[in-house]
Amino acid sequence: MGDKDEPLSSSGSKPECKDKKQAIYPTSKTGTRQRKASLKRHPFPWFGIDIGGTLVKLVYFEPLYITPDEQQTEKESLKTIRKYLTSNTAYGGTGIRDAHLELKNINLQGYVGNIHFIRFPTEQMQVFINMAKEKQFAALIDTMHATGGGAYKFEESFLTDVNIRLNKLDEMDCLLKGIHFVDHNSDVNGHSECFSIQNPLSNDPIVKVPFDFRNPYPYIVVNIGSGVSVVLVKSQEDYSRVSGTSLGGGTFLGLCCLLTGCKTFEEAIELATHGESTKVDKLVSDIYGEGGYTKFGLAGDVVASSFGKMNIEECRQNASKEDLAKATLVTITNNIGGIAINWAVKEEVERIVFVGNFLRVNPISMRLLAYAMEYWSKGAMRALFLEHEGYFGAVGALLGTVTC
Ligand SMILES: Nc1ncnc2c1ncn2[C@@H]1O[C@H](COP(=O)(O)OP(=O)(O)OP(=O)(O)O)[C@@H](O)[C@H]1O
Ligand SMILES: CC(C)(CO)[C@@H](O)C(=O)NCCC(=O)O
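Residue 312 in full-length UniProt numbering sits at position 312 of the sequence shown; the count goes up by one each step and never skips.
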């Protein structure tokens, strides 16, 4: 810390902005980006924060080039924050920067920069507030744009402890704005944000098929966080939260902790990876015999009753932690898939986008959802996924910051 920061543009040259449509400011011969003198920007640092029921998501825009004037007036504390956030991938005991998700050379309000993606558990929120107070964030910004339930819950603490006002933004608004912004801008980084999964039940590593999401309407977005929200999106302005379920990512993790003694999401997923849910669930074939219930299209390998074998002592003895974790994952995922498909059928929508941190490091659920959408719609519907899984709300809040 306290290091001598180099000018933001190391070579003095302008980082290339590949998004020609958004390149607003011309570049002079000296490489200085010229902005309209009249333009007032929100003071750096630019953050967006999504304070969810389980995880806080923080996105940070790191400007790659600022004018010499801006460099001169830039406060030391701002440089320190930038350096701290961009040169580490772990913060304190629990903060993580998902470096693989970083978006480079993004044009935001005429500034070219990198967007960084950071998360930490919501139970650490008070630690974050204490740090913001200690580092005197309020000397840099007086307002922070925040979304998620925690924007309401922690509003008072932010104001009294940190002296920063939280500008509260609706979580569904932010989610949708974030999705479209990231989808549009990820092309700049040379990959497709949106993808479907080929042969979901294959044992080979997941094959992602890029999906062009530029004209996606209407679509359904299923946000699998602690709980689950189902949002029908008819156009950029016209959307509604049509359904939800409390059986979500928080339920999976909570039940896994109870049933297996695991302590983290990563551990729960690792256990599930090595388990067999059929030792825990009662299948249609356990009830009907191998043929299944053909009259209504229920094949023998369909789950008839999740955890339905666990009333039998012998089955309980035979079920390992891994089997219990897998059954929990399958139960929660299939229930969400069922709700999603019912809404897609009801609203005659073909595209169902699954997001939220439940899908982090969780190919099992992605495959199950992809297969379920295909199977139950007889190929008419498609499950879509987005690389930035749980960060869209925070990106939406960042956009609120820069456009206010
Ligand atoms: N490192 C992690 N720690 C805890 N949960 C994780 C982690 N990684 C993934 N998850 C999963 O992601 C879920 C939280 O997802 P997400 O961050 O999208 O929701 P949230 O914003 O906290 O919740 P909500 O939107 O319901 O308020 C957890 O319930 C868990 O299933
Ligand atoms: C309460 C929210 C919206 C908070 O993000 C989320 O956790 C959720 O959608 N829960 C499900 C609530 C329900 O519809 O039963």
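We put the beta carbon where it would ideally sit given N, CA and C, even for glycine.
Judging by CA-CA distance, which residue of the options is the nearest neighbour of residue i?
i	options	result
L359	G190, V222, S285	V222
M366	N199, T94, K168, Q109	N199
F44	T328, E102, Q109	Q109
G337	E237, A383, E134	A383
D183	C257, G225, L101, A139	L101
I352	S186, E70, P216	P216
E237	L175, I269, A272	L175
G149	V242, G53, A138, I179	G53
V402	L369, V56, I341, P63	P63
S306	G297, E314, A325	A325
Roughly how many whole angstroms lie between the Cα atoms of residue i and residue j?
i	j	result
I51	N362	22 angstroms
H116	G291	52 angstroms
V230	A304	25 angstroms
R165	T143	5 angstroms
L255	G248	11 angstroms
N105	K282	51 angstroms
K208	R97	24 angstroms
I220	S87	37 angstroms
G393	R41	22 angstroms
Y84	E171	28 angstroms
N167	K295	56 angstroms
T251	E76	44 angstroms
T245	V228	5 angstroms
L259	S226	18 angstroms
L159	D173	24 angstroms
Quick one: residues in its chain with C-beta nearer than 8 angstroms to the C-beta of residue i, no 5 flanking neighbours on either side, listed in chain order?
i	result
L389	Note on identity: in this sequence residue 389 is Glu, with Leu being the wrong assignment. These residues qualify, in order along the chain: V355, G356, N357, L359, R360.
L169	H145, A146, T147, A151, G396, A397, G400
Q72	none
Consider the C-beta atom of residue i and the heavy atoms of ligand 1; say whether any pair is separated by less than 7 angstroms.
i	result
N335	no
P121	yes
T54	yes
T342	The amino acid at residue 342 is misidentified as Thr; the sequence shows Asn. No, Cβ of N342 sits at least 7 angstroms from all heavy atoms of ligand 1.
N357	yes
D50	yes
I'd like the list of long-range same chain contacts for residue i, defined as Cβ closer than 7 angstroms, with 5 residues on each side in sequence excluded.
i	result
R316	M310
T30	At T30, the pLDDT of 34 sits below 50, so the modelled position is not reliable; the number obtained from the coordinates is stated separately. Around T30: no qualifying Cβ.
residue 405	This structure does not reach residue 405, given that the chain is present from 1 up to 404, and the question cannot be answered.
Can we count residue i as close to ligand 2, meaning its CB is less than 7 angstroms from some heavy atom?
i	result
E314	no
V228	yes
G150	no
T251	no
E171	yes
S246	yes
G225	yes
Residues in its own chain within less than 6 angstroms of residue i by CB, not counting five upstream and five downstream?
i	result
F265	L253
E347	L232
T94	F120, P121, Q124
Y371	P200, L201
residue 415	The chain is shown only over 1 to 404; residue 415 falls outside these bounds and no answer can be derived.
I81	P45
K133	D161, V162
G300	V284, S285, E290, G292
Q22	With a pLDDT of only 34 at Q22, under 50, the local geometry of the prediction cannot be trusted, and the value read off the model is given with reservation. Excluding positions up to five away in sequence, the list reads N107.
T333	S365, L368
Going by the C-beta, is residue i closer than 7 angstroms to any heavy atom of ligand 4?
i	result
V395	What this structure holds is ligand 1 and ligand 2, not ligand 4.
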